[in-house]
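So the sequences go chain by chain: A and H. Numbering-wise (this note's numbering), the first sequence opens with residue 1 and increments by one. Numbering-wise (this note's numbering), the second sequence opens with residue 1001 and increments by one. All C-beta atoms in this analysis are idealised placements derived from N, C-alpha and C, irrespective of residue type, glycine included. Bear in mind that the values here come from a model prediction, so they are computed numbers and not experimental data. Input: a single structure, listed below in structure tokens.
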Amino acid sequence: MMIIENIGKQAIYLISSIGKIILFIFLFFKFLFQPKFYFRSNLKYFINIFFSSIPVIALTGIFSGMVLALQSYTGFSRFSAESAIPNIVVLTLTRELGPVLTGLMISARVGSSIAAEIATMRVTEQIDALKTLNTNFFNYLVTPRVLSLTIAMPLFVTLVDFIGVMGGYLVSVHRLGFNENMYLINTIDFLSFADYLSGVIKATVFGFIISVISCYCGLYSGKGAFGVGSATTNSVVLSSILILVSNYILTEIFF
Amino acid sequence: MKIEIQNVSKSFDKNKVLQGVNLTIEKNKSTIILGKSGCGKSVLLKLIYQLLQIDDGHILYNNKKNVDIDRFGMLFQYGALFDSLTVEENIAFVDYINNKLNFRNKVANSLKEVGLSPDIYKKYPAEISGGMKKRVALARAMYKKPDVIFLDEPTTGLDPVNSDMINELILRIIQKKKMTAITITHDIQSALKTGHNYHFLNEGIVEDSGTCKKLLQSKNKFLNEFLLGVKNLQRIK
């Protein structure tokens, strides 16, 4: 009986959480078009997450491109298809690895900090303080974070794509002996705008998912240090799972 | 502002926190709500401030049901200063958030009022002491010149010297600005120093109300236990 009771409790918790997240998204769009829009906090937040994330993003891009070139060479050289490496690197990065790896890195780098910050604000009554100062906490805390990350993610992915291709170029030219001009020509010729666009759309969706989930986990966190810790962990785990699930759905759509 | 709390009840799930609370906050007086931890004091304060919804009953503000919460200011138990903003931005938050400029002089005056040097206006809350945080939080609560100030355990976590300083500051500000003050506390010493009227809350019910003298002469068992401590009460008996 205990097992059934626990399964039932978990099912109710899951369904109520899904409902709360949907309501949360609805609230975001509702407040997005309300007159009080805190421009300063939006801009400040965008600048903050954009510049602080660039080193992580750059490292993700360069090493992904370098590894991709090496691994592709290992496989393709077995049936003399080495010339396809520039195409594979650019296609894999723009369509798949760029958005997914960036999404996972940003969920760990930015999503966790959003959840921890908002949860701490909740625990230390800072959210109540916002209400006492007649400030719409949703517009002040959630809107800037969701907007900033949704706008920043396509920029991050563009950067990862570019740096990743350069990483692949470095390894291919200096380690595998490719002709540098041929590598770049193959890369540019093979890449279509639709490939890049599909990655950018994925990135936008991932940015929205990460920011909404992180803000939600922070605002609905438990009490004390444990609550803050759980909010941070939950935001990263849930965002990562949703990124992987939505990636498959979006890939099916763009297939 | 006169505030009348009429038959107010509040529950969280099955936990009844307040049960038919009736009390009046008189205009330009300092009202103290006393009670043990967990008796519903903070919930009552948040209901009056309209941060929580009432389940049953009414709260009338100058005989009206609605009030502009810009007429209220609140000092939180642990200050609740915004970590990511400087002291200056915290105090002038209402101006800062609405992109108003040139609030430095106003902030300097607020800091002076609470006995702090304007040198700290660029510091972050993490860089100042507990007593200073409380005073900055008080300056923030006073910045929009409220009619009513809510004080949630104003001396919690402070040493006796800082507690006295905060109490004197609160008294001075209330008298100078002719404000209505509502304080919740379980610190008897502070309560006796800063109050005009007292209400004793026990398990969500107002057990006794009146002036300091009346409360000290009360025969209410719970109030006497609270005022003296159970062991002292047994010794006196």
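Could you tell me the distance, in whole angstroms, from the CA atom of residue i to the CA atom of residue j?
i         : j         : result
LYS1193/H : ILE1048/H : 23 Å
ALA1139/H : SER221/A  : 29 Å
SER214/A  : VAL110/A  : 9 Å
ILE1173/H : LEU159/A  : 56 Å
LEU173/A  : LEU242/A  : Reading off the sequence shown, one finds Val at residue 173/A, where the question assumed Leu. Their backbone Cα atoms lie some 37 Å apart in a straight line.
ALA231/A  : ALA116/A  : 7 Å
SER1011/H : GLN1019/H : 8 Å
ILE22/A   : LEU1051/H : 24 Å
VAL1206/H : ALA1092/H : 36 Å
LEU147/A  : ALA1126/H : 28 Å
LYS1144/H : GLY1130/H : 23 Å
ILE1032/H : LEU1215/H : 12 Å
ALA1080/H : MET1074/H : 10 Å
GLY168/A  : THR132/A  : 54 Å
ASN42/A   : SER240/A  : 25 Å
ASP1159/H : PHE50/A   : 43 Å
ILE1150/H : GLN1175/H : Looking at the sequence itself, residue 1150/H is Phe, so the reference to Ile does not match. Those two C-alpha atoms are separated by around 15 Å.
THR1024/H : ASP1147/H : 16 Å
THR1156/H : LEU238/A  : 38 Å
ILE1128/H : LEU184/A  : 56 Å
Which residues in the same chain as residue i place their Cβ atom closer than 6 Å to its Cβ, once the five residues preceding and following it in sequence are excluded?
i         : result
THR94/A   : ASP161, ASP195, TYR196 and GLY199
LEU176/A  : TYR73
GLY207/A  : LEU149, THR150 and MET153
VAL1021/H : ILE1005, VAL1008 and VAL1206
Mind checking residue i: buried by the 16 CB within 10 Å criterion, or exposed?
i         : result
HIS1199/H : buried
ALA84/A   : exposed
LEU11/A   : Rather than Leu, the amino acid found at residue 11/A in this sequence is Ala. With fewer than 16 other Cβ atoms within 10 Å, it is exposed.
PHE138/A  : buried
LYS1134/H : buried
ALA225/A  : exposed
ASN1197/H : buried
VAL256/A  : Coverage of chain A is limited to positions 1 through 255, which leaves residue 256/A absent and any answer about it impossible.
ASP1152/H : buried
THR124/A  : buried
If you drop the 5 nearest sequence neighbours on each side, which residues of the same chain put their C-beta closer than 7 Å to that of residue i?
i        : result
THR120/A : VAL228
THR60/A  : LEU101, THR102, MET105 and VAL160
LYS202/A : PRO99, ASN247 and LEU250
ILE127/A : MET121 and PHE137
GLU82/A  : TYR73 and PHE76
LEU32/A  : THR143
What residues in its chain sit with their C-beta under 8 Å from that of residue i, if we drop five residues either side in the sequence?
i         : result
GLY1035/H : LYS1041, ILE1184, HIS1186, PHE1200, LEU1201, ASN1202 and PHE1226
LYS1122/H : THR1086, VAL1087 and GLU1088
VAL1017/H : LYS1010, SER1011, GLY1040, VAL1043 and GLY1204
ALA1191/H : ILE1032, LEU1034, THR1183, THR1185 and TYR1198
PHE256/A  : Only positions 1 to 255 of chain A appear in this structure, which leaves residue 256/A out of reach.
So which residues of chain B does residue i contact, with C-beta pairs closer than 9 Å?
i        : result
TYR140/A : Going by chain labels, chain B is absent from the structure shown, which instead holds the protein chains A and H.
Self-check item: Runs of alpha helix (DSSP H) lying entirely within the region 30 to 117 of chain A, each at least 4 residues, in chain order
Solution: 39 to 76, 85 to 92 and 98 to 106
Exercise. For the region 1062 to 1093 of chain H, list the alpha helix (DSSP H) runs that are entirely contained and at least 4 residues long, ordered along the chain.
Key: 1087 to 1091
Exercise. Can you give me, in chain order, the residues of the region 119 to 135 of chain A that have a beta carbon less than 7 Å from any beta carbon in chain H?
Key: THR124, GLU125, GLN126, ASP128, ALA129, LYS131, THR132, LEU133, ASN134 and THR135
Quiz prompt | Residues from the region 33 to 62 of chain A in contact with chain H, defined by Cβ distance under 8 Å | solution = TYR38, PHE39, ARG40 and SER41
Exercise. Check distances from the C-beta atoms of the region 1198 to 1214 of chain H to those of chain A and list, in chain order, the residues that come in under 8 Å.
Key: none
Quiz item: Any residues in the region 159 to 176 of chain A with a beta carbon nearer than 8 Å to a beta carbon of chain H? Which ones, in chain order?
Solution: none
Quiz item: Just by C-beta distance, which residues in the region 1088 to 1110 of chain H are closer than 7 Å to chain A?
Solution: PHE1093, VAL1094, ILE1097 and ASN1099
Exercise. Using a Cβ-Cβ cut-off of less than 8 Å, give me the residues of the region 1046 to 1064 of chain H that come near chain A, in sequence order.
Key: LYS1046, TYR1049 and LEU1051
Exercise. Write down every uninterrupted run of the alpha helix (DSSP H) in the region 1119 to 1152 of chain H whose length is 4 residues or greater and which is fully enclosed by it, in chain order.
Key: 1130 to 1143
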